[in-house]
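So the number in our numbering is just where the residue sits in the sequence shown, counting from 1, plus 24.
Note sheet for the following structure.
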Amino acid sequence: MPERPPRLERIFDCYDAPLYFVTFNTHRRRHILANPKIHERFKTFASIGESRGIGVGRYVLMPDHAHLFVRGSTDFVLAQWVRLLKRELSKSIIIERPHWQSGFFDHLIRNSESYSQKWEYVRENPVRANLVSDPEGWPYQGELVRLEALQRL
């Protein structure tokens, strides 16, 4: 990897690793995610990642898709991590493959306002889908690691 010019090195030293908002869907929007077995496997996968500098913050598992916030260390590769997460979750899915739509959607969180807006959208998802009347009543959500949305300067 080529070295950065000195001025860029100073800029990169001022910022935390990127914070991503990630969404991925099941194949043909099948309802296979919102269940206790998948939820536990998701939390276990995330906790193992913590030892590698990968933090999963707030998340919601919907029946046919997932939303989450994740931040990794400097060598973190988001696409590889999502692929490994999908592979791990597939171990608890007993229906015929494929389980996932290819790819995923990601958005780089740039400030606390963006983080708050995305989280409000995500936490209201179960209510909009008429699964619960109050977002706090949805059992397949949480916050595993507190991720800060602002970069330090």
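By construction, the Cβ of each residue, glycine as well, lies at the ideal position given by its N, Cα and C atoms.
Span separating the alpha-carbon of residue i from that of residue j
| i | j | result |
| --- | --- | --- |
| Y44 | E74 | 16 Å |
| V156 | T98 | 38 Å |
| L109 | K142 | 21 Å |
| R170 | F129 | 22 Å |
| S126 | I118 | 19 Å |
| A103 | V80 | 15 Å |
| Y139 | W124 | 26 Å |
DSSP-derived helix/strand/coil call for residue i
| i | result |
| --- | --- |
| R111 | helix |
| F66 | helix |
| R147 | helix |
| A153 | coil |
| W1 | Only positions 25 to 177 of the chain appear in this structure, which leaves residue 1 out of reach. |
| L102 | helix |
| I133 | strand |
| Y44 | strand |
| Y83 | strand |
| H51 | helix |
| G166 | strand |
| E33 | Here the model assigns E33 a pLDDT of 45, short of 50, so the residue's position is not dependable, and the following value carries that caveat. Of the three classes helix, strand and coil, the one that applies to E33 here is helix, per DSSP. |
Cut-off 8 Å between Cβ atoms - residues of its own chain near residue i, not counting five sequence neighbours on either side
| i | result |
| --- | --- |
| H89 | T47, F48, N49, T50, R53 and L57 |
| V84 | A90, H91, L92, V146, R147, N149, P150, W162, Y164 and Q165 |
| H63 | L85, P163 and Y164 |
Selected residue, minimal CA-CA separation from residue i, among the options
| i | options | result |
| --- | --- | --- |
| T68 | L113, P87, Q104 and G96 | L113 |
| V151 | Q165, R107 and H123 | Q165 |
| D158 | E144, V169 and E167 | E144 |
| R65 | S116, V106, L171 and E167 | S116 |
| S71 | V94, S136, L102 and P87 | V94 |
| G77 | V101, H63 and S138 | V101 |
Neighbourhood of residue i by C-beta distance below 6 Å, restricted to the same chain and skipping five residues each side
| i | result |
| --- | --- |
| P42 | L132 |
| P122 | H51 |
| R82 | F93, W143 and E167 |
Chain-order list of residues whose beta-carbon lies under 7 Å from that of residue i (same chain, five-residue window excluded)
| i | result |
| --- | --- |
| V106 | V46, F48 and F128 |
| H55 | P87 and D88 |
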